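Structure first, commentary second.
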Amino acid sequence: MNLSKKEWLLVLTIIIICFSIDPVYAGPGGTVAKAFFRTWWGKLILILLTVIFLPLIIYMRLIEYRKAREIKKILSQLSKEHKAFHWLQLQKEFHNIIRRVYQAWQEEDLSRVKQYVNHWYWQNQQEVFLDRWKKENLQNISRLKDITKVRPLYLEISEEPNFENSRIAIAITVVAEDYLVDRDTQKVVEGKKGFDDLDYVWFLEYTDGQWLLDDIQEGAMAIDIAKMPNEVPDYLGI
(Lines of atoms letter the chains of each structure in order from A and count residues from 1; the text may use other names and numbers.)
(Lines give C-alpha, C1' and ligand atoms only; values in the text may rest on other atoms or scores of the structure.)
Protein backbone atom coordinates (compact mmCIF):
# COMPACT_ATOMS: atom_id res chain seq x y z
CA MET A 1 0.00 0.00 0.00
CA ASN A 2 2.06 2.95 -1.29
CA LEU A 3 0.38 6.11 -0.06
CA SER A 4 1.76 9.63 0.13
CA LYS A 5 1.91 11.44 3.49
CA LYS A 6 -1.23 13.40 2.60
CA GLU A 7 -3.08 10.20 1.71
CA TRP A 8 -1.99 8.52 4.96
CA LEU A 9 -3.16 11.60 6.87
CA LEU A 10 -6.51 11.47 5.08
CA VAL A 11 -6.97 7.78 5.91
CA LEU A 12 -6.08 8.34 9.56
CA THR A 13 -8.43 11.32 9.72
CA ILE A 14 -11.30 9.22 8.34
CA ILE A 15 -10.64 6.49 10.92
CA ILE A 16 -10.49 8.97 13.79
CA ILE A 17 -13.71 10.64 12.64
CA CYS A 18 -15.45 7.27 12.43
CA PHE A 19 -14.33 6.35 15.93
CA SER A 20 -15.38 9.78 17.23
CA ILE A 21 -19.03 9.53 16.19
CA ASP A 22 -21.52 9.97 19.02
CA PRO A 23 -19.10 10.55 21.91
CA VAL A 24 -20.29 9.39 25.30
CA TYR A 25 -19.00 10.65 28.61
CA ALA A 26 -19.00 8.13 31.42
CA GLY A 27 -16.03 5.94 32.46
CA PRO A 28 -12.64 6.63 34.00
CA GLY A 29 -11.25 9.70 32.27
CA GLY A 30 -14.75 10.78 31.28
CA THR A 31 -14.96 8.78 28.05
CA VAL A 32 -16.19 5.37 26.98
CA ALA A 33 -16.53 3.42 23.75
CA LYS A 34 -18.66 5.12 21.13
CA ALA A 35 -22.28 4.06 21.23
CA PHE A 36 -22.33 4.10 17.41
CA PHE A 37 -20.10 1.02 17.21
CA ARG A 38 -22.09 -0.82 19.87
CA THR A 39 -25.17 -1.18 17.67
CA TRP A 40 -25.37 -4.19 15.34
CA TRP A 41 -25.13 -2.04 12.22
CA GLY A 42 -22.34 0.01 13.78
CA LYS A 43 -20.40 -3.21 14.41
CA LEU A 44 -21.00 -4.25 10.79
CA ILE A 45 -19.55 -0.95 9.57
CA LEU A 46 -16.63 -1.42 11.96
CA ILE A 47 -15.93 -4.88 10.49
CA LEU A 48 -15.99 -3.44 6.96
CA LEU A 49 -13.64 -0.61 7.98
CA THR A 50 -11.32 -3.16 9.58
CA VAL A 51 -11.16 -5.19 6.36
CA ILE A 52 -10.61 -2.11 4.19
CA PHE A 53 -7.91 -0.65 6.39
CA LEU A 54 -6.31 -3.94 7.46
CA PRO A 55 -2.84 -3.07 6.04
CA LEU A 56 -2.89 0.23 7.90
CA ILE A 57 -4.07 -1.46 11.11
CA ILE A 58 -1.23 -3.99 10.85
CA TYR A 59 1.22 -1.13 10.28
CA MET A 60 -0.06 0.70 13.37
CA ARG A 61 0.10 -2.44 15.52
CA LEU A 62 3.65 -3.10 14.34
CA ILE A 63 4.73 0.38 15.43
CA GLU A 64 3.19 -0.17 18.87
CA TYR A 65 4.79 -3.61 19.18
CA ARG A 66 8.27 -2.34 18.30
CA LYS A 67 7.93 0.61 20.66
CA ALA A 68 6.80 -1.66 23.49
CA ARG A 69 9.82 -3.93 22.92
CA GLU A 70 12.15 -0.92 22.96
CA ILE A 71 10.68 0.36 26.23
CA LYS A 72 10.89 -3.04 27.90
CA LYS A 73 14.61 -3.20 27.07
CA ILE A 74 15.12 0.22 28.66
CA LEU A 75 13.16 -0.80 31.74
CA SER A 76 15.17 -3.99 32.00
CA GLN A 77 18.36 -1.93 32.22
CA LEU A 78 16.86 0.54 34.69
CA SER A 79 15.59 -2.25 36.93
CA LYS A 80 19.20 -3.26 37.67
CA GLU A 81 19.47 0.02 39.56
CA HIS A 82 15.86 0.46 40.62
CA LYS A 83 13.61 -2.62 40.89
CA ALA A 84 10.45 -0.46 40.76
CA PHE A 85 11.06 -0.12 37.01
CA HIS A 86 11.03 -3.84 36.22
CA TRP A 87 8.26 -4.41 33.66
CA LEU A 88 6.75 -7.42 35.43
CA GLN A 89 6.46 -5.36 38.62
CA LEU A 90 5.00 -2.46 36.68
CA GLN A 91 2.38 -4.72 35.12
CA LYS A 92 1.21 -5.81 38.56
CA GLU A 93 1.02 -2.21 39.78
CA PHE A 94 -0.80 -1.00 36.68
CA HIS A 95 -3.35 -3.82 36.84
CA ASN A 96 -3.98 -2.94 40.48
CA ILE A 97 -4.40 0.77 39.69
CA ILE A 98 -6.76 0.07 36.78
CA ARG A 99 -9.02 -2.15 38.90
CA ARG A 100 -9.07 0.25 41.84
CA VAL A 101 -9.83 3.28 39.65
CA TYR A 102 -12.72 1.48 37.96
CA GLN A 103 -14.10 0.50 41.36
CA ALA A 104 -13.86 4.10 42.56
CA TRP A 105 -15.70 5.33 39.47
CA GLN A 106 -18.42 2.77 40.06
CA GLU A 107 -18.76 4.01 43.65
CA GLU A 108 -18.58 7.64 42.41
CA ASP A 109 -15.93 8.49 44.97
CA LEU A 110 -12.36 9.01 43.77
CA SER A 111 -11.17 9.80 47.29
CA ARG A 112 -10.91 6.00 47.66
CA VAL A 113 -7.98 5.95 45.24
CA LYS A 114 -6.09 9.07 46.30
CA GLN A 115 -2.99 6.96 46.89
CA TYR A 116 -3.11 5.68 43.29
CA VAL A 117 -3.82 8.92 41.37
CA ASN A 118 -2.23 12.34 41.49
CA HIS A 119 -4.05 15.37 42.87
CA TRP A 120 -4.81 16.83 39.45
CA TYR A 121 -6.55 13.70 38.23
CA TRP A 122 -8.52 13.20 41.43
CA GLN A 123 -9.74 16.80 41.64
CA ASN A 124 -10.46 17.20 37.94
CA GLN A 125 -12.38 13.96 37.48
CA GLN A 126 -14.32 14.22 40.74
CA GLU A 127 -15.48 17.80 40.18
CA VAL A 128 -15.78 17.90 36.39
CA PHE A 129 -17.59 14.59 35.99
CA LEU A 130 -18.76 12.68 39.07
CA ASP A 131 -19.99 15.63 41.16
CA ARG A 132 -21.63 17.25 38.15
CA TRP A 133 -23.46 14.04 37.24
CA LYS A 134 -24.80 13.76 40.78
CA LYS A 135 -26.17 17.31 40.55
CA GLU A 136 -27.83 16.35 37.27
CA ASN A 137 -29.36 13.29 38.98
CA LEU A 138 -27.26 10.91 36.87
CA GLN A 139 -25.58 7.75 38.12
CA ASN A 140 -22.34 6.46 36.62
CA ILE A 141 -22.26 2.74 35.87
CA SER A 142 -18.66 1.71 35.30
CA ARG A 143 -18.05 -2.03 35.59
CA LEU A 144 -14.72 -3.68 34.81
CA LYS A 145 -14.82 -7.35 33.83
CA ASP A 146 -11.27 -8.01 32.65
CA ILE A 147 -7.98 -6.41 31.62
CA THR A 148 -6.78 -7.97 28.38
CA LYS A 149 -3.83 -5.75 27.43
CA VAL A 150 -1.31 -3.47 29.08
CA ARG A 151 1.44 -2.34 26.71
CA PRO A 152 3.98 0.52 27.11
CA LEU A 153 3.86 3.23 24.45
CA TYR A 154 6.12 5.99 25.69
CA LEU A 155 8.73 6.38 28.43
CA GLU A 156 10.24 9.53 29.89
CA ILE A 157 12.98 9.04 32.48
CA SER A 158 13.87 12.04 34.62
CA GLU A 159 17.34 12.93 35.82
CA GLU A 160 16.18 13.35 39.41
CA PRO A 161 17.32 10.98 42.20
CA ASN A 162 15.62 7.56 41.98
CA PHE A 163 14.13 8.71 38.65
CA GLU A 164 11.46 10.72 40.48
CA ASN A 165 8.83 12.35 38.19
CA SER A 166 9.49 9.90 35.36
CA ARG A 167 6.46 9.25 33.17
CA ILE A 168 5.08 6.34 31.18
CA ALA A 169 2.16 5.99 28.77
CA ILE A 170 0.50 2.60 28.44
CA ALA A 171 -2.08 1.28 25.99
CA ILE A 172 -4.73 -0.74 27.77
CA THR A 173 -7.65 -2.82 26.57
CA VAL A 174 -10.35 -3.68 29.08
CA VAL A 175 -13.61 -5.57 28.94
CA ALA A 176 -15.99 -3.17 30.63
CA GLU A 177 -19.24 -1.25 30.38
CA ASP A 178 -19.62 2.48 30.97
CA TYR A 179 -22.87 4.41 30.81
CA LEU A 180 -25.05 6.91 32.65
CA VAL A 181 -28.56 6.32 33.98
CA ASP A 182 -31.20 8.56 35.49
CA ARG A 183 -31.20 7.85 39.23
CA ASP A 184 -35.00 7.94 39.47
CA THR A 185 -36.05 6.03 36.36
CA GLN A 186 -32.83 3.98 35.86
CA LYS A 187 -33.17 4.79 32.17
CA VAL A 188 -29.91 4.92 30.20
CA VAL A 189 -29.27 8.49 29.10
CA GLU A 190 -25.69 8.18 27.81
CA GLY A 191 -23.91 5.12 26.47
CA LYS A 192 -25.26 1.60 26.28
CA LYS A 193 -25.50 -1.39 28.60
CA GLY A 194 -23.30 -4.38 27.91
CA PHE A 195 -19.62 -5.27 28.17
CA ASP A 196 -17.30 -4.45 25.30
CA ASP A 197 -13.58 -4.23 24.50
CA LEU A 198 -12.50 -0.66 25.25
CA ASP A 199 -9.13 0.88 24.37
CA TYR A 200 -7.48 3.70 26.27
CA VAL A 201 -4.11 5.30 26.86
CA TRP A 202 -3.23 5.83 30.52
CA PHE A 203 -0.47 8.20 31.63
CA LEU A 204 1.30 7.55 34.93
CA GLU A 205 3.93 9.50 36.83
CA TYR A 206 6.49 8.18 39.32
CA THR A 207 6.06 10.33 42.43
CA ASP A 208 7.51 9.72 45.91
CA GLY A 209 8.41 6.15 44.98
CA GLN A 210 4.97 5.27 43.62
CA TRP A 211 3.32 5.22 40.20
CA LEU A 212 0.26 7.52 40.12
CA LEU A 213 -2.38 7.89 37.41
CA ASP A 214 -2.09 11.31 35.79
CA ASP A 215 -4.46 11.24 32.81
CA ILE A 216 -6.53 9.02 30.50
CA GLN A 217 -6.97 9.54 26.76
CA GLU A 218 -8.86 7.76 23.98
CA GLY A 219 -7.26 4.67 22.46
CA ALA A 220 -7.09 6.45 19.11
CA MET A 221 -4.18 8.47 20.52
CA ALA A 222 -2.02 5.34 20.89
CA ILE A 223 -0.35 5.50 17.47
CA ASP A 224 0.67 9.16 17.86
CA ILE A 225 2.07 8.52 21.31
CA ALA A 226 3.94 5.41 20.16
CA LYS A 227 5.66 7.50 17.49
CA MET A 228 7.06 9.89 20.10
CA PRO A 229 10.74 9.19 20.88
CA ASN A 230 11.44 8.02 24.43
CA GLU A 231 13.33 10.46 26.63
CA VAL A 232 16.20 8.81 28.50
CA PRO A 233 19.16 10.72 30.03
CA ASP A 234 22.38 10.22 28.10
CA TYR A 235 24.36 9.36 31.23
CA LEU A 236 22.41 6.10 31.58
CA GLY A 237 24.00 4.88 28.34
CA ILE A 238 20.80 3.21 27.14
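In the working numbering, the protein residues as written are 2 to 239.
Here a beta-carbon is modelled for each residue, glycine too, at the ideal position from N, C-alpha and C.
Note that the structure is a prediction, hence the values are computed from the model and not measured.
Quiz item: Going by alpha carbons, who is nearest to L205 out of K146, Y180 and I98?
Solution: Start at 1 with the first residue of the sequence shown, and residue 205 comes out as number 204. The shortest Cα separation from L205 among K146, Y180 and I98 belongs to I98.
Quiz item: For T174 versus D198, is the C-beta distance shorter than 7 Å?
Solution: On the sequence shown, position 173 is the one that residue 174 refers to. On the sequence shown, position 197 is the one that residue 198 refers to. Cβ distance < 7 Å, so T174 and D198 count as in contact.
Exercise. Quick one: residues in its chain with C-beta nearer than 8 Å to the C-beta of Q92, no 5 flanking neighbours on either side, listed in chain order?
Key: For the purposes of this step, residue 92 is identified with residue 91 of the sequence shown, where counting begins at 1. Only V151 meet the Cβ criterion.
Quiz item: Going by beta carbon distance, what residues of the same chain come within less than 8 Å of F164, once the five residues before and after it are set aside?
Solution: Taking the sequence shown and counting its residues from 1, one reaches residue 164 at position 163. Contacts found: L79, H83, F86, I158 and Y207.
Exercise. Could you work out which residue in R62, L156 and L131 is closest to I72 when comparing CA atoms only?
Key: Start at 1 with the first residue of the sequence shown, and residue 72 comes out as number 71. Selected option, being the one with the closest Cα: L156.
Quiz item: Taking C-alpha atoms, which residue in W88, V118 and L63 lies nearest to R240?
Solution: Within the shown structure, residues of the chain are numbered from 2 to 239, placing residue 240 beyond reach of any answer.
Quiz item: Just how far apart, CA to CA, sit D23 and E191?
Solution: The residue you call residue 23 lines up with position 22 of the sequence shown. The residue you call residue 191 lines up with position 190 of the sequence shown. Per-residue confidence for D23 stands at a pLDDT of 44, beneath the threshold of 50, marking its modelled position as unreliable; the derived number appears in the next sentence. In a straight line, the C-alpha of D23 is about 10 Å away from that of E191.
Practice problem: Could you pull out every residue in the same chain whose Cβ sits closer than 7 Å to the Cβ of Y122, ignoring the five residues on either side in sequence? | Solution: For this step, residue 122 is matched to residue 121 along the sequence shown. Cβ within range, chain order: L214, D215 and D216.
Self-check item: Proximity winner among E94, W88 and Q126, relative to A105 (alpha-carbon distances)
Solution: Position 104 of the sequence shown holds residue 105. Comparing Cα positions, the closest option is Q126.
Quiz prompt | For G210, the three-state DSSP class (helix, strand or coil) | solution = Counting from 1 along the sequence shown, the entry for residue 210 is found at position 209. Correct three-state label for G210: coil.
Quiz item: For the candidate residues A221, Y236, I239 and G238, whose alpha-carbon lies nearest to that of M61?
Solution: In the sequence shown, the residue the question calls residue 61 occupies position 60. Cα-wise, what sits closest to M61 is A221.
Quiz prompt | Host beta strand (DSSP E) of V129 (start-end) | solution = For the purposes of this step, residue 129 is taken as the residue at position 128 of the sequence shown. Neither: V129 is in no beta strand (DSSP E) and is coded neither H nor E.
Practice problem: Confirm, please, whether the CB-CB distance from V176 to K135 is below 7 Å. | Solution: One-based indexing of the sequence shown puts residue 135 at position 134. One-based indexing of the sequence shown puts residue 176 at position 175. Result no, Cβ atoms of K135 and V176 do not sit closer than 7 Å.
Quiz item: Smallest Cα separation from K74: which of N166, P153 and W203?
Solution: Position 73 of the sequence shown holds residue 74. Of N166, P153 and W203, the residue nearest in Cα terms is P153.
Practice problem: Determine the burial state of S167: buried for a count of at least 16 other Cβ atoms within 10 Å of its Cβ, exposed for fewer. | Solution: Along the sequence shown, one-based indexing puts residue 167 at 166. Flag for S167 reads buried.
Quiz item: Looking at the structure shown, is Q218 part of a helix, part of a strand, or coil, going by DSSP?
Solution: As a working note, residue 218 is residue 217 in the sequence shown. Of the three classes helix, strand and coil, the one that applies to Q218 here is strand, per DSSP.
Quiz item: Considering only C-alpha positions, which residue in the set Q116, V102 and D110 is nearest to D209?
Solution: Against the sequence shown, residue 209 aligns to sequence position 208. Minimum Cα distance to D209 is reached at Q116.
Quiz item: Do you know whose CA, among E108, I148, T149 and V202, lies nearest D132's CA?
Solution: Here residue 132 refers to the residue found at position 131 of the sequence shown. Taking only the C-alpha atoms, the option nearest D132 is E108.
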